Each structure stands twice: as C-alpha cells, then as structure tokens.
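For the sequence shown, numbering that gives the first Met the number 0 gives the first residue as 0, with consecutive numbering after it. Yeah, the Cβ is synthetic: ideal placement off N, Cα and C, and Gly gets one too. In this text the structure is predicted, and so the values were computed from the model without any measurement. Inspection log for the structure reproduced underneath, given as structure tokens.
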Amino acid sequence: MTEPEWGDLTGCGTLTGGTATFSDEDVATGKTVTLTGATLSGADAGNYSLGSVATTTADITALEITGNFTADNKVYDGNNSATVLTRTLNGVISPDAVTLTGGTATFSDEDVATGKTVTLTGATLSGADAGNYSLGSVATTTADITALEITGNFTADNKVYDGNNSATVLTRTLNGVISPDAVTLTGGTATFSDEDVATGKTVTLTGATLSGADAGNYSLGSVATTTADITALEITGNFTADNKVYDGNNSATVLTRTLNGVISPDAVTLTGGTATFSDEGCGHRQDSYLNRCNVIGSRCRQLQPGFSGDYNSRHHSVGNHWKLHS
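Written out as structure tokens, the structure reads:
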C-alpha cells in the first residue's frame, strides 16, 4: 500500500515544534523561510514519518528608527542656514552599523535670537546595515543666532570757537552691514577733545545706537573718531585815549581798553600797540588809532580798532611859534 502524502492526512495528525528561520536577517520581500526540527503529533502520529517540510516565503521589512542632532550657534549672516554638530540614532540594534548622514539644517528664520528651532531635512541612513532600517523622523533641536558686530564712522563739522567742546555730526556710515539690510547709525553726542582752537582736532561720537528694520541683528562694536577744526572767534576792541596839550606829534596815550565778544569766563585782554592821533594839530574829537595792539589769549583773531580822543586846547602866537595851553 502506498504511504499517503502528508497533505492527505488532514485531520489525522499535526506538525508541531521546530524552528523557522529566514535565509538571512536582512530586509527583503519573498524571503525563503525554512522550518527545521518539526515533529508529528496527534493520535495517529505513530503511523507516520516526517519526510520533509517544504520551505515558504515571507518578508522582512525595515525597522523604523528616529534620529537626533545638535546644531552650532552662529553669528548673524543674513540667512537661516545652520551647521550640524552631532548626529545620533535611536533604535539601532547592536552591533549594526548605521549612521545618520546628509541633509540640510536650517534655523526657523535668519534673525537673531536664543533657543531658535533648527530642523534637519533630507537626512538619510548610511552604513553597512542601513538597508535594514527606515528613518521615521529626525527631532528638531535649538541653537542661537547672535548679533553681528559692526563698526561705525562719522564726519564732523568745523566750527568757530564757542567756549565748549560740542561738535556737529555731518555724515554717518556703518561697516559690515549685510545687503540689503536696513540699519543706520543714529543719535549720540559728538565732542572735540577740548574746546580750544586747533586744526585736525579729534572728535569722538559717544552713545550712538543702531536703528532700522534690521538693527536687532547687529551690535555696534565701535565708532571711529574723526577730525575737524575749531577756528578762532573774531572779536572787536575799544579803547579810550587821554587828551593832551599840543606837543608837535600825533602820539596818544591809552586810558582804557575793552573787548567785545569774549565768552565768559575766558581771560582775554587787549594789550600793547601804539596810539596816535589822526595828526598833530589842535582840535576837538580828533580820531586816534591804536596800532599793533595784541589780544592776549589763544582763541581770538586780530581785531580792527578805530577809536577817538581829544585835543582839548587853546593857542596864541608868540613870535614865530605856537604855544599851546591845555
């Protein structure tokens, strides 16, 4: 009698036990699966012997894992690009060789802030065992964008001495602003190194700030000094002259001297010079002049004096000479 095939014994016995194994552990579809060590069981199992167990097929699908990364802080550069520092994977089975590679890291935007969200897109798995895994997601991370330090320049107006060191800003510029950002240098106080007259004096701008739509992405490192001139303040003088008895010459004697336009409390006096009448003859209210006078003080220009004094006298004839009496 021919021994029936196992398939003809349905209901007469069962195949139990054994170990089923894929041909290997790697991901694939339709992989061969082998059952080894299986036995027969059931009431009639003793009437049978197990010749073979046919192979079958099944799939091994990729294990989904997740990734993490860290990003570097950066100084503002006008774009949202980020730099990946480290990468890790969660769920990789040891000792499989799988790494997270590639992709593009970007900040949420390009503006300065702390703890900004950074996203890594387009990353992939690599390594000898990468084919057995799928990348489910890569968690976001955070990093900072700090302000870009820039510097400023300005020009200052020359001025006439006014007793103080204040200066007037003419123009302002910034170095290092990324186009097309809108940032300007505003405010502050410009001052000369001191209030005294000189050329090429150092002028400093303090307290200036940045303004404009993109000012928050920058910090002002320094503002370079500039130079400008303080020129002397032109003032005028007055003097009084003493009356005199005719003496044959036009010399005059100065009684008092004053200056107009000196800024308090500056110490400036009118000194020296030669006082002369317009001529040596007698007369009331003759013009007198003070020539080669000096202004003592470093902040004033040569003045233009024009003053008067009197010959307050009478005369009579004595021989061929005039005798003058006061």
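Worksheet item: Straight-line CA distance for F238 to T275?
Response: Each residue's CA atom was taken as its position, placing F238 and T275 some 12 Å apart.
Worksheet item: Are the beta-carbon atoms of G29 and D76 separated by less than 8 Å?
Response: For G29 and D76, no; Cβs fall outside 8 Å.
Fill in: K115 versus G162: straight-line alpha-carbon distance, rounded
Taking the straight line from one Cα to the other gives about 53 Å.
Worksheet item: Which parts of the segment 87 to 125 are runs of the beta strand (DSSP E), unbroken and 3 residues or longer, counting only runs that do not cross its ends?
Response: 98 to 100, 103 to 106, 112 to 120 and 123 to 125, all fully within the segment 87 to 125.
Worksheet item: So who's on the other strand from K243, going by DSSP bridges?
Response: Paired residue(s): none; K243 is not in a bridge.
Worksheet entry | Closest Cα partner of G135 within the set V222, Y160, A61 and V32 | Cα-wise, what sits closest to G135 is A61.
Fill in: Cα-Cα separation, A212 to D108
A direct Cα-to-Cα measurement between A212 and D108 gives close to 15 Å.
Discussion item. Going by DSSP in three states, N393 sits in which element: helix, strand or coil?
Written reply: Only positions 0 to 325 of the chain appear in the structure, and residue 393 is not among them; the question remains open.
Item to complete: Take the Cβ of I234 as the centre, count every other Cβ of all protein chains shown within 10 Å, and call the residue buried at 16 or more, exposed below.
Response: Buried is the call here.
Fill in: Whole-Å CB distance - D156 paired with L173, under 8 Å assumed
Going by Cβ atoms, the distance from D156 to L173 rounds to 20 Å, so no, they are not a contact pair.
Discussion item. Can you list, in chain order, the residues of its chain with a C-beta nearer than 8 Å to that of N89? Leave out the 5 residues immediately preceding and following it.
Written reply: Beyond the five residues adjoining it in sequence on each side, N89 comes within less than 8 Å, by CB distance, of I64, T65, G66 and N67 in the same chain, given in chain order.
Discussion item. So within the segment 246 to 284, which uninterrupted beta strand (DSSP E) runs reach at least 3 residues, ignoring any that extend past its ends?
Written reply: Those beta strand (DSSP E) runs which fall completely within the segment 246 to 284 and span 3+ residues are 253 to 259 and 268 to 276.
Discussion item. Within the continuous beta strand (DSSP E) that includes G45, where are the two ends?
Written reply: Per DSSP, G45 lies in no beta strand (DSSP E) segment and is marked neither H nor E.
Worksheet entry | Backbone CA spacing between K198 and I229 [nearest angstrom] | Checking the sequence, you will find Thr at residue 198 rather than Lys. Rounded to whole angstroms, T198 to I229 spans 6 Å at the Cα level.
Worksheet item: Out of curiosity, what's the CA-to-CA distance linking G12 and T56?
Response: Roughly 24 Å separates the two Cα atoms.
Worksheet item: Among the residues of its own chain, which have a CB less than 6 Å from the CB of R300, if the five just before and after it don't count?
Response: Confidence in R300 is poor, its pLDDT being 44 and thus under 50, which makes the residue's placement unreliable; the coordinate value appears in the next sentence. Correct list, in chain order: A231 and E233.
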